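A.B. asks: Submitted below is the structure of interest, expressed as structure tokens.
Chains as they are written, first to last, in this note's numbering: chain A, 1 to 357; chain B, 1 to 357.
Structure representation (structure tokens):
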């Protein structure tokens with residue numbers, strides 16, 4: 001049975017990516033060698049990383065002056081690299097979830113950190129607005145999509161200090177005005193590639209303003225100068241990322257993705273509103289994530305939580321259990337998830353509702 | 001044509017690893033999902049990482065008190081993490097090659113660094129001996145195998161301060177007395193897994209002795225406490241590492257590997273000595289690496305260098321060009337390289353010699 005993959009990450013990738021990667025594990029680019037065994041300095045792999053970087057720029061419409069880096073270590077490593085490279089005196093952070101909070105905490109090891117606003121007291125169920133950002137901060141850090149809580153900043157903010165965004169779970173889900181950001185980074189294991197790859201989009205002129213000693217591997221300059229090949233990069237995940245980017249380009253780019261994501265999330269949120277068993281955990285509609293739809297059973301039906309999970313599991317749906325800090329359910333609807341999977345979930349919600357007296 | 005893969009890394013892996021990984025990209029552990037798309041928190045993947053850690057310990061006979069970590073970022077990240085976590089006042093380094101030198105340079109950002117000996121002046125063509133290690137150093141760092149120059153420290157050193165070893169290119173090639181090391185680390189892309197995975201074997205009691213603030217991801221304690229799952233680990237490379245470890249166990253473990261490696265390297269070094277065209281770049285036989293065999297044309301045959309490379313390339317041999325800092329040829333004979341590939345190279349050397357008047 002073909003599974004409906006609602007995992008929050010690592011998560012579903014396009015069939016095109018899976019199929020081409022499986023082939024490359026056997027024979028990469030006609031070399032007679034596996035992608036597992038090929039030198040990263042081979043001309044065949046250099047073509048892959050170059051094309052992946054240029055397609056990344058093309059699809060996100062990245063302006064001149066920015067670099068695309070493919071690194072290891074995950075977004076959690078970026079939580080430290082950002083302040084290592086940018087924080088002179090003071091940084092400002094918006095606290096919209098566990099990951100945003102971890103990024104903020106990490107920065108405290110490097111200088112003064114101002115939390116401009118936090119939704120922590122309400123289990124992060126909204127995106128704070130109307131906060132003020134200290135104009136003397138070196139940068140302002142946001143997490144555009146909060147995977148655990150199901151909230152999302154769906155528009156590019158206009159602010160007047162350098163903006164740094166963790167876009168781990170919504171990169172490529174919509175058009176982004178990259179010129180408004182100094183750095184966009186993220187783990188690739190949602191909308192791009194398998195686990196083990198971190199992307200960093202960085203405007204070069206943001207660097208060189210801190211005095212501290214930065215170890216070589218934690219210095220963005222190292223990776224810019226090395227064309228993301230200072231040391232051996234994660235070869236297979238970069239190959240897979242290229243496949244996803246090709247698939248995305250063929251399917252209307254980020255505008256096409258956005259259209260499909262609005263349709264998929266719309267379908268599910270509509271059913272959550274309609275169905276007497278469920279409710280969204282995010283009251284403010286504008287704050288609801290298109291990537292991670294969090295919902296719980298209404299109080300009076302709470303006893304049906306486990307049976308509902310069993311019900312959908314039996315229908316081949318995986319990854320629907322909510323994060324322990326929210327409970328209930330979470331359906332992750334990343335780019336590669338077909339609308340048929342959302343339709344199957346909606347149908348299961350309706351069927352289950354009918355079965356409840 | 002089946003290729004003979006002599007790449008220095010990423011490099012040849014067992015067919016068993018390649019085949020099982022290709023299958024897992026299509027359907028991992030009967031989940032109906034690709035290993036590219038599976039949650040690292042799924043019970044199926046947790047079984048993989050647990051088995052990989054325990055087999056790693058079993059095959060290397062790792063005593064109690066040590067942890068096995070699977071991280072991202074490559075050995076180059078460890079160059080900084082080691083002093084970040086261990087260097088209080090002073091560290092001692094043995095400079096046996098470019099990578100050893102990079103590790104040493106990185107440590108200079110954290111405290112006093114003593115270079116106990118260096119073979120740099122002779123293009124690193126030997127392993128220094130008879131040096132003295134300051135007894136008040138926090139640790140002594142060595143690179144057991146020098147991939148670029150073809151030298152190797154083939155025995156475990158007896159010293160009386162904590163010993164830290166980069167074993168990127170000879171891990172699992174021979175038995176190691178792990179109890180003599182505080183930390184053994186390396187990139188996995190030679191004898192273990194595809195690029196994107198770093199292994200760290202660490203004795204827990206070595207930690208907690210420095211005062212400085214260590215960012216979360218660069219603190220070994222984080223990864224020990226998180227069971228190497230503090231953040232999303234490189235899922236597919238860990239799966240592939242498990243396959244290689246299973247293959248190694250089936251094939252006599254590290255003793256079996258050592259026996260085969262001695263036979264393979266012996267065959268090639270013998271031909272280099274015998275053949276009038278070639279000579280080893282490492283005069284001292286005891287210092288010659290079993291993993292990376294470096295050799296050059298004798299002066300009078302130098303004009304045949306390019307033709308010889310073309311000759312072996314036409315026979316399906318890849319990765320034999322020497323590193324630019326040494327020139328000539330380098331044959332990497334990692335665990336997974338079959339002796340048939342070495343025999344084919346030896347035969348090609350003999351055939352080419354006959355063709356030269």
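Glycine included, each C-beta is placed from N, C-alpha and C at the ideal position.
A quick note: this is a predicted structure, and the numbers were derived from the prediction, not measured.
What did DSSP end up calling residue 40 (chain B) once you bin it into helix, strand or coil?
C.D. replies: Here residue 40 (chain B) refers to the residue found at position 40 of the second chain. The answer is coil: DSSP assigns residue 40 (chain B) none of H, G, I, E or B.
A.B. asks: Is it buried or exposed for residue 21 (chain A), if we count other Cβ within 10 angstroms and need 16 for buried?
C.D. replies: In the first chain, the residue the question calls residue 21 (chain A) occupies position 21. Buried: at least 16 other Cβ atoms inside 10 Å.
A.B. asks: Quick check: the Cα distance between residue 71 (chain B) and residue 78 (chain A), rounded to an integer number of angstroms?
C.D. replies: Working through the second chain from its first residue, we reach residue 71 (chain B) at position 71. Working through the first chain from its first residue, we reach residue 78 (chain A) at position 78. Rounded to whole angstroms, residue 71 (chain B) to residue 78 (chain A) spans 15 Å at the Cα level.
A.B. asks: How is residue 81 (chain B) classed by DSSP in three states: helix, strand or coil?
C.D. replies: One-based indexing of the second chain puts residue 81 (chain B) at position 81. Correct three-state label for residue 81 (chain B): helix.
A.B. asks: Check distances from the C-beta atoms of the region 97 to 108 of chain A to those of chain B and list, in chain order, the residues that come in under 7 Å.
C.D. replies: The residues in question are 106.
A.B. asks: Does any residue of chain B have a CB that is nearer than 8 Å to the CB of residue 181 (chain A)?
C.D. replies: Here residue 181 (chain A) is taken as the residue at index 181 of the first chain, counted from 1. Cβ-Cβ to chain B under 8 Å: no for residue 181 (chain A).
A.B. asks: With DSSP as the reference, identify every bridge partner of residue 330 (chain B), one or two as the case may be.
C.D. replies: Reading the second chain from its first residue, position 330 is the one you call residue 330 (chain B). Partner(s): B:294.
A.B. asks: How should residue 255 (chain A) be labelled, buried or exposed, when 16 other C-beta atoms within 10 angstroms of its C-beta is the threshold for buried?
C.D. replies: What you label residue 255 (chain A) is simply residue 255 of the first chain in a count that begins at 1. Looking at its Cβ environment, which holds fewer than 16 other Cβ atoms inside 10 Å, residue 255 (chain A) is exposed.
A.B. asks: With 8 Å as the C-beta to C-beta threshold (strictly closer), list the residues of the region 63 to 85 of chain B near chain A in chain order.
C.D. replies: Within the region 63 to 85 of chain B, the residues whose Cβ lies closer than 8 Å to some Cβ of chain A are 71, 72, 73, 74, 75, 76, 77, 79, 80, 84, listed in chain order.
A.B. asks: With H, G and I counted as helix, E and B as strand and the rest as coil, what does DSSP make of residue 340 (chain B)?
C.D. replies: Counted from its first residue, the second chain places residue 340 (chain B) at position 340. Note: residue 340 (chain B) maps to helix in three-state DSSP.
A.B. asks: By the DSSP assignment, the beta strand (DSSP E) with residue 203 (chain A) in it spans what residues?
C.D. replies: Counting from one through the first chain, the residue named residue 203 (chain A) turns up at place 203. Counting along the chain, the beta strand (DSSP E) containing residue 203 (chain A) begins and ends at 198 to 203.
A.B. asks: Closer than 8 Å, Cβ to Cβ, to anything on chain A: give me those residues from the region 233 to 254 of chain B, in chain order.
C.D. replies: Within the region 233 to 254 of chain B, the residues whose Cβ lies closer than 8 Å to some Cβ of chain A are 233, 234, 235, 236, 237, 240, listed in chain order.
A.B. asks: So is residue 218 (chain B) in contact with chain A if we call contact Cβ pairs under 8 Å?
C.D. replies: Position 218 of the second chain, counting from 1, holds the residue named residue 218 (chain B). So, interface residue.
A.B. asks: Determine, for residue 317 (chain A), whether the minimum Cβ-Cβ distance to residues of chain E falls below 8 Å.
C.D. replies: The chain inventory of the structure shown lacks chain E, comprising the protein chains A and B.
A.B. asks: Provide the residue span of the alpha helix (DSSP H) that contains residue 269 (chain A), from first to last.
C.D. replies: As a first step, residue 269 (chain A) is located in the first chain; it is residue number 269 there, counting from the start. Residue 269 (chain A) -> alpha helix (DSSP H) spans 253 to 274.
A.B. asks: With a threshold of 8 Å between beta-carbons, can residue 7 (chain A) be considered close to chain B, or not?
C.D. replies: To locate residue 7 (chain A), count along the first chain from 1; it is residue 7. With 8 Å as the cut-off, residue 7 (chain A) counts as an interface residue toward chain B.
A.B. asks: Give every residue of the same chain whose Cβ lies closer than 6 Å to the Cβ of residue 358 (chain A), excluding the five residues on either side of it in the sequence, and list them in chain order.
C.D. replies: The structure shown does not extend to residue 358 (chain A), since chain A is modelled only from 1 through 357, so no value can be given for it.
A.B. asks: My understanding is that residue 35 (chain B) touches residue 239 (chain B), with C-beta atoms under 8 Å, so please give their C-beta distance in whole angstroms.
C.D. replies: For this step, residue 35 (chain B) is matched to residue 35 along the second chain. For this step, residue 239 (chain B) is matched to residue 239 along the second chain. The pair is a contact, with the Cβ atoms about 5 Å apart (cut-off 8 Å).
A.B. asks: With the cut-off set at 8 Å, would you say residue 117 (chain B) and residue 94 (chain B) are in Cβ contact?
C.D. replies: For the purposes of this step, residue 117 (chain B) is identified with residue 117 of the second chain, where counting begins at 1. For the purposes of this step, residue 94 (chain B) is identified with residue 94 of the second chain, where counting begins at 1. It is a contact, given that the beta carbons lie within the stated cut-off.
A.B. asks: To be precise: take each residue of the region 26 to 42 of chain A, compare its Cβ to all Cβ atoms of chain B, and keep it if any distance is under 7 Å. Which residues remain?
C.D. replies: Per Cβ criterion, the list reads 26, 32, 33, 34, 36, 37, 38, 39, 40.
A.B. asks: Taking beta-carbon pairs under 9 Å, can you tell me which members of the region 326 to 354 of chain A lie near chain B?
C.D. replies: If the cut-off is 9 Å between Cβ atoms, the region 326 to 354 of chain A has 336 near chain B.
A.B. asks: Would you verify that the beta carbon of residue 173 (chain A) is, or is not, closer than 8 Å to some beta carbon of chain B?
C.D. replies: Indexing the first chain from 1 puts residue 173 (chain A) at position 173. So, not an interface residue.
A.B. asks: Residues of chain B with a CB under 7 Å from the CB of residue 231 (chain A): which are they?
C.D. replies: By one-based count along the first chain, residue 231 (chain A) stands at place 231. Under the 7 Å cutoff, chain B gives 74, 76.
A.B. asks: Residue 317 (chain A) and residue 336 (chain A) - do their beta-carbons sit closer together than 8 Å?
C.D. replies: Within the first chain, the letter at position 336 stands for residue 336 (chain A). Within the first chain, the letter at position 317 stands for residue 317 (chain A). Contact: no.
A.B. asks: Considering residue 143 (chain B), what are the terminal residues of the beta strand (DSSP E) in which it resides?
C.D. replies: Here residue 143 (chain B) refers to the residue found at position 143 of the second chain. It spans 140 to 143 - the beta strand (DSSP E) in which residue 143 (chain B) sits, taken as one unbroken run.
A.B. asks: Distance check for residue 183 (chain A) and residue 171 (chain A), CA to CA, integer angstroms please.
C.D. replies: As a first step, residue 171 (chain A) must be located in the first chain, where it is residue number 171. As a first step, residue 183 (chain A) must be located in the first chain, where it is residue number 183. So the alpha carbons of these two residues sit roughly 13 Å apart.
A.B. asks: Identify every residue that forms a DSSP beta bridge with residue 151 (chain B).
C.D. replies: Reading the second chain from its first residue, position 151 is the one you call residue 151 (chain B). For residue 151 (chain B), which the question treats as bridged, DSSP gives the partners B:146, B:288.
A.B. asks: Could you please give the first and the last residue of the uninterrupted alpha helix (DSSP H) stretch that includes residue 18 (chain B)?
C.D. replies: The count along the second chain starts at 1 and reaches residue 18 (chain B) at position 18. First-last of the alpha helix (DSSP H) with residue 18 (chain B): 15 to 26.
A.B. asks: Counting only beta-carbon separations shorter than 8 Å, does residue 18 (chain B) have a partner in chain A?
C.D. replies: As a working note, residue 18 (chain B) is residue 18 in the second chain. By this cut-off, residue 18 (chain B) is an interface position.
A.B. asks: Check distances from the C-beta atoms of the region 122 to 133 of chain A to those of chain B and list, in chain order, the residues that come in under 7 Å.
C.D. replies: Those would be none; no residue qualifies.
A.B. asks: Cβ of residue 148 (chain A) within 8 Å of Cβ of residue 263 (chain A)?
C.D. replies: Sequence index remark: in the first chain, residue 148 (chain A) carries index 148 (1-based). Sequence index remark: in the first chain, residue 263 (chain A) carries index 263 (1-based). In this structure, residue 263 (chain A) does not lie closer than 8 Å to residue 148 (chain A) by Cβ.
A.B. asks: From what residue to what residue does the alpha helix (DSSP H) around residue 101 (chain B) run?
C.D. replies: One-based indexing of the second chain puts residue 101 (chain B) at position 101. 98 to 107 is the extent of the alpha helix (DSSP H) around residue 101 (chain B).
A.B. asks: Consult DSSP for residue 182 (chain A) and reduce its assignment to one of helix, strand or coil.
C.D. replies: Numbered from 1 along the first chain, position 182 holds the residue referred to as residue 182 (chain A). Coil.
A.B. asks: Give me the Cβ distance between residue 152 (chain B) and residue 291 (chain B), rounded to the nearest whole Å; I'm assuming they're in contact under 8 Å.
C.D. replies: Translated into the one-based positions of the second chain, residue 152 (chain B) becomes position 152. Translated into the one-based positions of the second chain, residue 291 (chain B) becomes position 291. About 7 Å; that satisfies the 8 Å criterion.
A.B. asks: Using a C-beta cutoff of 8 Å, does residue 11 (chain B) count as contacting chain A?
C.D. replies: Counting from one through the second chain, the residue named residue 11 (chain B) turns up at place 11. True, the Cβ-Cβ gap to chain A drops below 8 Å.
A.B. asks: Taking the alpha carbon of residue 192 (chain A) as the reference point, which residue from A:16, A:4, A:2 has its own alpha carbon closest?
C.D. replies: Start at 1 with the first residue of the first chain, and residue 192 (chain A) comes out as number 192. Taking only the C-alpha atoms, the option nearest residue 192 (chain A) is A:16.
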